[in-house]
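Enquirer: Residues in the sequence shown are numbered consecutively from 0, following numbering that gives the first Met the number 0.
Backbone N, C-alpha and C define an ideal beta-carbon position, used for all residues, glycine too.
Got a structure for you, questions after.
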Amino acid sequence: MCNIHPKFDDRGLIPAIIQDATSGQVLMLAYMDQEALERTLETGQVHFWSRSRQELWHKGATSGNIQVVVDLSLDCDCDALLLRVNPAGPACHTGKFTCFHNPLSRI
């Protein structure tokens, strides 16, 4: 039991799985720091920590493809988040609806 407090890793990050609240389709995986999580909870729109740019990132701020949070939960170990969202457009920077659009040819 984790007492419902997120466990951030040694870099201060926690993985966040983003799922379409209507279809159930997994849209993307990104990371949040404490500030991104707080902003998400305060605004109802998803914020992340960009590992490549090393800055807070409001999903959809430039593209308009925001993600409105329906609910947010922690996994059993409190070291991963699941956010069910209503997306305003594609999740992937490539323009695809989901970032998971590259099937492996063999398992």
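Would you mind giving the Cβ-Cβ distance between Pro89 and Lys95, rounded to the nearest angstrom? I have them listed as a contact below 8 angstroms.
Expert: Contact holds; Cβ gap of about 6 angstroms.
Enquirer: When you compare each of Lys6, Asp8, Ile13 and Gly23 to Asp70 by their alpha carbons, which one comes out closest?
Expert: Minimum Cα distance to Asp70 is reached at Gly23.
Enquirer: DSSP three-state call for Leu12: helix, strand or coil?
Expert: Three-state DSSP puts Leu12 in coil, outside helix and strand.
Enquirer: Applying the criterion that 16 or more other CB atoms from any shown protein chain within 10 Å of the CB defines a buried residue, is Ile13 buried or exposed?
Expert: Counting Cβ neighbours within 10 Å, Ile13 comes out buried, since at least 16 surround it.
Enquirer: Are the beta-carbon atoms of Thr39 and Val68 separated by less than 8 angstroms?
Expert: Yes.
Enquirer: Decide if Ile3 is buried, meaning its Cβ has at least 16 other Cβ atoms within 10 Å, or exposed.
Expert: Ile3 comes out exposed.
Enquirer: Does the beta-carbon of His46 have 16 or more other beta-carbons within 10 angstroms, so that it is buried, or is it exposed?
Expert: By the 10 Å Cβ count, His46 comes out buried.
Enquirer: Nearest to Cys91 by alpha carbon, out of Phe7, Glu41, Asn64 and Met31?
Expert: For Cys91, the nearest C-alpha among the options comes from Asn64.
Enquirer: Is Ala35 buried or exposed, if buried means 16 or more other CB atoms sit within 10 Å of its CB?
Expert: That one is buried.
Enquirer: Applying the criterion that 16 or more other CB atoms from any shown protein chain within 10 Å of the CB defines a buried residue, is Leu28 buried or exposed?
Expert: Leu28 should be labelled exposed.
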